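Residue numbers (UniProt numbering), protein chains in the order written: chain G, 1 to 269; chain F, 1 to 278.
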Amino acid sequence: MSTVLGFLRRWSLFLGLVVLWELATRLANDPFFPPPTTILQKIGELWFSGPVSRLFLTDDVYVDILPSLGRVLGGWSIAVVLGVGLGTALGRSRTGMDYVGPLFAFMRAIPPPTLIPVFLVLLSIGTTMKLTTIVFGSVWPILLNTVDGVRSVNATQRDTARSFRTPQRYWITLVVLPAALPKIFAGLRLSLSIALILMVVSEMVGVTDGIGFELIFSQQRFDFPAMWSWIVLLGALGYGLNALLLAVERRMLGWQQTSGATTAKTSGA
Amino acid sequence: MSTMLNVTGLSHRYGSGENAHVAVNDLTFVVETGELACIVGPSGCGKSTLLRCISGLIEPTGGEVTLHGDRVTGVPEDLAVVFQDYSRSLFPWLTVRQNVEFPLRWKRNLSRAERRERAEEALSWVNLPGVGGKYPWQLSGGMQQRVSIARALARRPALLLMDEPFASVDAQTRFELEDLLRSVQVAHGSTILLVTHDIDESVYLGDRVLVLSKSPARIVADLPVDLPPERDQITTRESKNFVSLRGEVARLLHGGGDAPEQAPTGEPADTTEPSTLA
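Right under this line is the structure:
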């Protein structure tokens, strides 16, 4: 019962707006704004009308959606490894950030889509160009948050670990990274949405597959229900990926003290 | 008895030139194996600096520390420290058991099962069986400090250093922890050096009390505690020996070392300035 109520509370506004949109678009009858039901129909046609042997999925799913997803996740994963690795090293170094700080501040200030022309010239059209764009744009929040997080280890934790002669490997994996994890996750969430944006933008330039390409292509042939379908898909993807990341975060940061902690406190000393 | 810890002419100075601050000045003392020695001194006299020098966390600017004959340079292998701030010393992302297992992770020839067994054993020494799966913040302050004592004991250190271990818990819990520490020490014959600013605590816990002066810390007196090994929070604290000893320590602390080394015993402290016990 409470789950039903919770679902309603979270989704009633969303669903209400969709219904309102449906009514408005039907009244307006504007070809640029097809009603949601038409978009839904188009979605079914576009992606879920395939043969049984392919789980009802159409070629579009395999040719456009999966490669796009691969680019987002691939680029983001590279950014995570780079960001956490480099961030840990810089966070532990006393002077490292003094040297690279201004450089990072400058580089992260450049809007990543503006570098697509540069990467196009350097790397030509292809997966490398797209991955580079995604990595370059999404690495900064992870990197800078990791530096911050690594520095949040307190003096007593450091003394405790030193008094046990904790070897480097254990110090990093059992103390430094867990201490930095809350900050790292904040960076990961931010960078994931940036990665999604950059995937679409990089696919809008001179390629022939991917969600971004299909979005532009359907707009160019005035297939507005299709164009809207791709936009809805992007929304759903962003929502799904974020939800997935949140689930992982809840699992990995389960140790964090919550407001329920006082009730969980055991009595006696 | 053999000597566990030998501190000779230990000095530590922070900074240099005009801004130099001498925290510890020419300290010499020994701690015998199996002894619980308390160091008592006024707040800010350099007790923590002293402990950090002994534990090898900082290198003293002068003098020498040896642990069972080996000169201390860097943190020795078989030493453990219990810090005052248990909530910061325990790792909140590790469960109680994982915290206790932490210093055993890199011990050679110790299987996963043995490690776990040792952790459970150490938890039972401090009367905390069955809480291994909880996180430290789910326990009360006193229980958390017991976890950090268990973590130190699990390593089976030759010398256990404690830096004001009971200063952050309430009075009732403090009594319980004091008794627990003494019983653990008697049961395992541990060698413990405990630093405190609490005169009663130093006399109640110690086999010996070393009295430090105001900063820079010097040793003003080295008093054997003439109390039975089995102590009781009520009767021991009422006993004549206890009362006279704590009076003597208080006089030494407030006299800043001007009082005679062998103060008269058997009378309450009334000859010195009004007691504002640190």
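Idealized CB from N, CA, C, for every residue including glycine.
Predicted model only: the values in this text are computed from it and were never measured.
Taking contact to mean at least 3 C-beta pairs separated by less than 8 Å, is the region 103-115 of chain G in contact with the region 131-151 of chain G?
yes
Excluding the 5 residues preceding and the 5 following G/G192 in the sequence, name in chain order all residues of the same chain whose CB lies nearer than 7 Å to its CB.
The count along the first sequence starts at 1 and reaches residue 192 of chain G at position 192. A quick correction: the sequence has Leu, not Gly, at residue 192 of chain G. The answer, listed in chain order, is W76, L241, N242, L245.
Since F/V209 contacts F/S215 with CB under 8 Å, what's their CB separation in whole angstroms?
Sequence index remark: in the second sequence, residue 209 of chain F carries index 209 (1-based). Sequence index remark: in the second sequence, residue 215 of chain F carries index 215 (1-based). Wrong, their Cβ atoms sit about 19 Å apart, outside the cutoff.
Give me the DSSP bridge partner(s) of F/G62.
What you label residue 62 of chain F is simply residue 62 of the second sequence in a count that begins at 1. According to DSSP, which records beta bridges pairwise, F/G62 is partnered with F/S11.
Report, in whole angstroms, the separation of the C-beta atoms of F/T33 and F/G9, which I expect to be a contact under 8 Å.
Position 33 of the second sequence, counted from the start, is the residue given in the question as residue 33 of chain F. Position 9 of the second sequence, counted from the start, is the residue given in the question as residue 9 of chain F. Rounded, the Cβ-Cβ distance is 22 Å, inconsistent with contact.
How is F/V22 classed by DSSP in three states: helix, strand or coil?
Residue mapping note: residue 22 of chain F aligns to position 22 of the second sequence, counting from 1. Strand, per DSSP.
Identify, in the order they occur along the chain, each residue of the same chain with its Cβ nearer than 7 Å to the Cβ of F/E176, setting aside the five sequence neighbours on each side.
For this step, residue 176 of chain F is matched to residue 176 along the second sequence. Closer than 7 Å at Cβ, skipping near neighbours: G142.
Please report how far the alpha carbon of F/A20 lies from the alpha carbon of F/R13, in whole angstroms.
Locating residue 20 of chain F in the second sequence gives position 20, counting from the first residue. Locating residue 13 of chain F in the second sequence gives position 13, counting from the first residue. Whole-angstrom Cα-Cα distance: 6 Å.
For F/L180 versus F/L194, is the C-beta distance shorter than 8 Å?
Here residue 180 of chain F refers to the residue found at position 180 of the second sequence. Here residue 194 of chain F refers to the residue found at position 194 of the second sequence. Going by C-beta atoms, F/L180 is not nearer than 8 Å to F/L194.
Nearest chain G C-beta to F/S55 closer than 8 Å, yes or no?
Here residue 55 of chain F is taken as the residue at index 55 of the second sequence, counted from 1. Between F/S55 and chain G, the shortest Cβ-Cβ separation is below 8 Å.
Contact defined as beta carbons within less than 8 Å: I believe G/A79 pairs with G/V135. What is the distance between those atoms, to the nearest angstrom?
Here residue 79 of chain G refers to the residue found at position 79 when the first sequence is read from its first residue. Here residue 135 of chain G refers to the residue found at position 135 when the first sequence is read from its first residue. That belief holds up - the Cβ atoms of G/A79 and G/V135 are roughly 5 Å apart, short of 8 Å.
Pull up the distance between the alpha-carbon of G/L120 and that of G/G74, whole angstroms please.
On the first sequence, residue 120 of chain G is found 120 positions in, with the first residue counted as 1. On the first sequence, residue 74 of chain G is found 74 positions in, with the first residue counted as 1. Cα to Cα, G/L120 sits roughly 19 Å from G/G74.
Is F/L123 helix, strand or coil by DSSP?
Start at 1 with the first residue of the second sequence, and residue 123 of chain F comes out as number 123. Assigned with DSSP and collapsed to three states, F/L123 falls in helix.
Between the region 153-168 of chain G and chain F, which residues of the former have a C-beta closer than 9 Å to a C-beta of the latter?
N154, A155, T156, Q157, D159, T160, A161, R162, S163, F164, R165, T166, P167
Check the C-beta distance from F/D163 over to F/V82 and give it rounded, since I have them as a contact under 8 Å.
As a working note, residue 163 of chain F is residue 163 in the second sequence. As a working note, residue 82 of chain F is residue 82 in the second sequence. Right, their Cβ atoms sit about 7 Å apart.
Just grab the DSSP bridge partners of F/R71 for me.
As a working mapping, residue 71 of chain F is identified with position 71 in the second sequence. Residue pairing from DSSP places F/R71 in a beta bridge opposite F/T66.
Please report whether the beta-carbon of G/P117 lies at a distance below 8 Å from any beta-carbon of chain F.
On the first sequence, residue 117 of chain G is found 117 positions in, with the first residue counted as 1. Chain F, which has no Cβ nearer than 8 Å to the Cβ of G/P117, makes this no.
Between the Cα of F/R246 and the Cα atoms of F/D200, F/H254, F/T236, which residue gives the shortest distance?
As a first step, residue 246 of chain F is located in the second sequence; it is residue number 246 there, counting from the start. Cα-wise, what sits closest to F/R246 is F/D200.
Using C-beta distances below 8 Å, list every residue in its chain close to F/R97, excluding the 5 sequence neighbours before and after it, in chain order.
Working through the second sequence from its first residue, we reach residue 97 of chain F at position 97. Result list for F/R97: R116, A119, E120, L123, G132, G133, in chain order.
Roughly how far, in whole angstroms, is the beta-carbon of G/P31 from the beta-carbon of G/D209, given that I think they are within contact range, below 8 Å?
For the purposes of this step, residue 31 of chain G is taken as residue 31 along the first sequence, with counting starting at 1. For the purposes of this step, residue 209 of chain G is taken as residue 209 along the first sequence, with counting starting at 1. In this structure, G/P31 and G/D209 do not form a Cβ contact; the two beta carbons are roughly 27 Å apart against a cut-off of 8 Å.
Return no unless some Cβ of chain F is closer than 8 Å to the Cβ of G/W171.
Locating residue 171 of chain G in the first sequence gives position 171, counting from the first residue. The beta-carbon of G/W171 is placed no less than 8 Å from the nearest beta-carbon of chain F.
Within 10 angstroms of the Cβ of G/N29, are there 16 or more other Cβ atoms? Answer buried if so, exposed if not.
As a first step, residue 29 of chain G must be located in the first sequence, where it is residue number 29. Per the 10 Å Cβ criterion, exposed.
Would you identify the three-state DSSP class for F/L5, choosing helix, strand or coil?
Sequence index remark: in the second sequence, residue 5 of chain F carries index 5 (1-based). In the structure shown, F/L5 sits in a strand (DSSP, three-state: E or B).
Under the three-state reduction of DSSP, which class applies to F/R208: helix, strand or coil?
Counting from one through the second sequence, the residue named residue 208 of chain F turns up at place 208. Residue state, collapsed to three classes: strand.
So the alpha helix (DSSP H) G/P225 belongs to, where does it begin and stop?
One-based indexing of the first sequence puts residue 225 of chain G at position 225. Taken as a continuous stretch (DSSP letters only), the alpha helix (DSSP H) holding G/P225 covers 224-252.
Can you check whether the C-beta of F/G257 is within less than 8 Å of a C-beta belonging to chain G?
Start at 1 with the first residue of the second sequence, and residue 257 of chain F comes out as number 257. Summary for F/G257: the model assigns pLDDT 45, below 50, so the residue's position carries little reliability; its value from the coordinates is reported in the next sentence. Closer than 8 Å: no.
Measuring straight from C-alpha to C-alpha, what distance separates F/N109 and F/D232?
By one-based count along the second sequence, residue 109 of chain F stands at place 109. By one-based count along the second sequence, residue 232 of chain F stands at place 232. When rounded, the distance between both Cα atoms is 40 Å.
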